[in-house]
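J.: For reference, the structure I am asking about is given below.
In the numbering used here, the protein residues as written are 1 to 217.
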């Protein structure tokens, strides 16, 4: 029980820091990853906060998993609802309150802010993966689709990214939304997987958190 409590505590801390990282990339305003880009563009043309849209997107991904799996849907997958809410609420707090008074007055400063946010986010995502208690909803949905239809996870994730980018372009053209697919989107593709893999490699090498990893019975 102590190990489980330690795991869920560290997972929660990881989610909070991941949300802070996401918020930093949003604040930098140099472009973000596909899902965050869609959420930010939709937020810009509506009265809904970007974190709230992220909650709705992630919750939809959880129920998509349930619809596809039914009897094989694991109880741990419901924890993604908590992840969705916590992530979105922290993003709202950081973007609209904590970071609202911060001025990033030059492009270089905004770029460095983005890179720092991306590093924070990717390292904490690696931590969450290492703890193995819960997965982020979008990735989990892609994994379920890949398994059900005998596709590669990479291909499904690429399709989701492309769909999100197309939606951003449609919102920009039809509703004059903000173009959030920019150089930061490309940087995210480079930094995110590299930092996650590097962090996981270090954790595995030194057995970091190996004693409190969640293991299926």
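Every residue, glycine too, gets a C-beta built ideally from N, C-alpha and C.
For residue 130, which residues in the same chain have their Cβ closer than 6 Å to its Cβ, ignoring the five residues on either side in sequence?
T.: Counting only Cβ-Cβ distances below 6 Å, and skipping sequence neighbours, we find 203 and 209.
J.: Report all residues from its chain with a CB closer than 8 Å to the CB of residue 140; omit the five preceding and five following residues, and keep chain order.
T.: Correct list, in chain order: 61, 62, 65, 77 and 80.
J.: What does the alpha-carbon distance come out to for the pair residue 12 and residue 149?
T.: Their Cα atoms are separated by approximately 32 Å.
J.: Keeping to the same chain, check which residues put their C-beta closer than 8 Å to that of residue 55; ignore five residues upstream and five downstream.
T.: Within the same chain, residue 55 has close Cβ partners 84, 85, 87, 88 and 89.
J.: Could you tell me which whole beta strand (DSSP E) segments of length 3 or greater appear in the region 75 to 106?
T.: Counting only runs of 3 or more, we get nothing.
J.: Give me the Cα-Cα distance between residue 45 and residue 176, rounded to the nearest whole angstrom.
T.: Cα to Cα, residue 45 sits roughly 8 Å from residue 176.
J.: Could you tell me the alpha carbon to alpha carbon distance between residue 155 and residue 102, rounded to whole angstroms?
T.: If you take the alpha carbons of residue 155 and residue 102, they lie about 38 Å apart.
J.: Measure the beta-carbon distance from residue 164 to residue 35 and round it to whole angstroms, keeping in mind my assumption that it falls under 8 Å.
T.: Right, their Cβ atoms sit about 5 Å apart.
J.: Rounding to the nearest angstrom, what Cα-Cα distance links residue 106 and residue 1 in this structure?
T.: The straight-line gap from Cα to Cα measures roughly 49 Å.
J.: Is the Cβ-Cβ distance between residue 40 and residue 183 less than 9 Å?
T.: Not in contact: residue 40 and residue 183 (Cβ atoms no closer than 9 Å).
J.: Can you tell me whether DSSP reads residue 65 as helix, strand or coil?
T.: Three-state DSSP puts residue 65 in a helix.
J.: Count the other C-beta atoms from every protein chain shown that fall within 10 angstroms of the C-beta of residue 112, then say buried if there are 16 or more, exposed otherwise.
T.: Exposed.
J.: Please classify residue 37 as buried or exposed, where buried requires at least 16 neighbouring CB atoms within 10 angstroms.
T.: The residue in question, residue 37, is buried, as its Cβ has 16 or more Cβ neighbours within 10 Å.
J.: Would you call the CB atoms of residue 20 and residue 94 closer than 9 Å?
T.: Yes, they are a contact pair.
J.: Considering only C-alpha positions, which residue in the set 188, 69 and 133 is nearest to residue 9?
T.: Ranking 188, 69 and 133 by Cα distance to residue 9 puts 133 first.
J.: Give every residue of the same chain whose Cβ lies closer than 7 Å to the Cβ of residue 143, excluding the five residues on either side of it in the sequence, and list them in chain order.
T.: Within the same chain, residue 143 has close Cβ partners 153.
J.: When we look at the beta-carbon of residue 199 and count the other beta-carbons within 10 Å, is it buried (16 or more) or exposed?
T.: Per the 10 Å Cβ criterion, buried.
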